[in-house]
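In numbering that gives the first Met the number 0, the protein residues as written are 0 to 273.
Glycine included, C-beta positions come from ideal geometry on N, C-alpha and C.
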Amino acid sequence: MAKGRILFINQGVAPFAEESEASIMNRQLPQFSQELGREIRVFMPLFEDVNERKHQLHEVIRLSGMNLIVNNCDHQLIIKVGSIPSARLQIYFIDNEEYFTKYGNTFDEKGILKPSNDERILFFGRGALEAVRKLAWQPHLIHYSGWFSGMVPFYLRRINKENAFFSGTRTVISLQDDAFEGKFAEELEKKMRSDGATAKDLRLYQDLDYLTLMKAAISYANGVVVASPNANPELVEFAKENKRNFIPFIEDRTEFFTKINKLYDTLCGSTINN
0 MAKGRILFIN
10 QGVAPFAEES
20 EASIMNRQLP
30 QFSQELGREI
40 RVFMPLFEDV
50 NERKHQLHEV
60 IRLSGMNLIV
70 NNCDHQLIIK
80 VGSIPSARLQ
90 IYFIDNEEYF
100 TKYGNTFDEK
110 GILKPSNDER
120 ILFFGRGALE
130 AVRKLAWQPH
140 LIHYSGWFSG
150 MVPFYLRRIN
160 KENAFFSGTR
170 TVISLQDDAF
180 EGKFAEELEK
190 KMRSDGATAK
200 DLRLYQDLDY
210 LTLMKAAISY
220 ANGVVVASPN
230 ANPELVEFAK
240 ENKRNFIPFI
250 EDRTEFFTKI
260 NKLYDTLCGS
270 TINN
């Protein structure tokens, strides 16, 4: 099995996020890949329920401080890092005082999607990629999971299409049990257009809800992993219909993670040894 550099961009990683089927897998899969000899980096948002003191997070000064423009306004990108000693993993956190401290988590007390999430997923998607560029660590493949990472492929393929740094980078998306009710703000299209979205891009993001966001992400992806037996069946069928490299859910984690890593090798080909 080849090695290579794999970037994981996840909505939540245990133990920093609440323990769930998704957050546990988002911790175990990078560890498994690293133990195969791969170089890995893991990013997630710094939501307000992450206990910075308990997990001893600290700011990465050399990566922080750049401003990202969202909706024609500058927003400071702050990068923090924590570790999982037992897994020999470092987790990088995308932070911004307004988007994560002020607005808190993604849903209100009634379980309704907060209006601020449109700008937050834009900031997170672009912020993760900009941080990786500043690290000067070029991934062969990006594996992203959770709807909050749904704008990562948009930025990778469209906004950064002229940037040689990500030339040849392949992508895999995990489909999880994370569906929600409600839609993103109608202004999202305008905000994407100000960030370079084309008419072709915007056709994928009209009337944006969970299914539309994830179908757009699948449309950009090179591979799809069904990471939960409860993943939305419409999305699973959409991935099959679009003939994406596809791995169905497998309960045995060792077998499942081995197949996923073989997919990494298949997608990256000979470039993964460079």
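Would DSSP call I249 helix, strand or coil?
I249: coil per DSSP, three-state reduction.
Kindly confirm or deny that the segment 165-172 and the segment 48-58 touch, where touching means at least three C-beta pairs closer than 8 Å.
No: fewer than three Cβ pairs fall under 8 Å.
Taking just the CA atoms, how far does R119 sit from R132?
Near 20 Å, if we compare the C-alpha coordinates of R119 and R132.
Per the contact definition of three or more C-beta pairs closer than 8 Å, is the segment 120-127 in contact with the segment 137-149?
Taking 8 Å as the limit for Cβ pairs, the verdict is that the segment 120-127 does touch the segment 137-149.
Do F15 and I90 have their beta-carbon atoms positioned less than 8 Å apart in this structure?
For the pair I90 and F15, the CB atoms are nearer than the 8 Å cut-off.
Roughly how many angstroms lie between the CA atoms of D256 and V69, to the nearest whole one?
The identity of residue 256 in the sequence shown is Phe, whereas the question assumes Asp. As the crow flies, the alpha-carbon of F256 is around 36 Å from that of V69.
Beta bridge counterpart(s) of S173 as assigned by DSSP
S173 pairs with S144, V224.
Roughly how many whole angstroms lie between the Cα atoms of Q30 and V151?
Those two C-alpha atoms are separated by around 22 Å.
Report the rounded CA-to-CA distance for Q10 versus N104, giving the unit in angstroms.
If you take the alpha carbons of Q10 and N104, they lie about 11 Å apart.
Option in R4, F165, R37, P44 with minimal Cα separation from S22
Comparing alpha-carbon positions, the option among R4, F165, R37, P44 lying closest to S22 turns out to be P44.
Have a look at R37, L6, L35 and flag the residue whose alpha-carbon is nearest the alpha-carbon of N25.
Among R37, L6, L35, the Cα nearest to that of N25 is on L6.
Which class does F7 belong to by DSSP, given the choice of helix, strand or coil?
Strand.
Would you say L234 and K261 are within 8 Å of each other, going by their C-beta atoms?
Between L234 and K261, the CB-CB gap reaches or exceeds 8 Å.
Apply the 10 Å Cβ neighbour rule to K239 and answer buried if 16 or more other Cβ atoms are within range, or exposed otherwise.
So K239 ends up on the exposed side.
Would you tell me roughly how many angstroms separate the C-alpha atoms of F153 and E17, rounded to the nearest one?
Going by the C-alpha atoms only, they are around 27 Å apart.
Would the beta-carbon of F237 fall within 8 Å of that of I217?
Taking 8 Å as the cut-off, the Cβ atoms of F237 and I217 count as close.
Do you know whose CA, among A196, F248, A86, L76, lies nearest D176's CA?
Of A196, F248, A86, L76, the residue nearest in Cα terms is F248.
Could you tell me the distance, in whole angstroms, from the CA atom of I8 to the CA atom of F42?
In this structure, the straight-line span from the alpha carbon of I8 to that of F42 is close to 5 Å.
Can you tell me where the beta strand (DSSP E) holding G81 begins and where it ends?
Unbroken beta strand (DSSP E) run through G81: 77-83.
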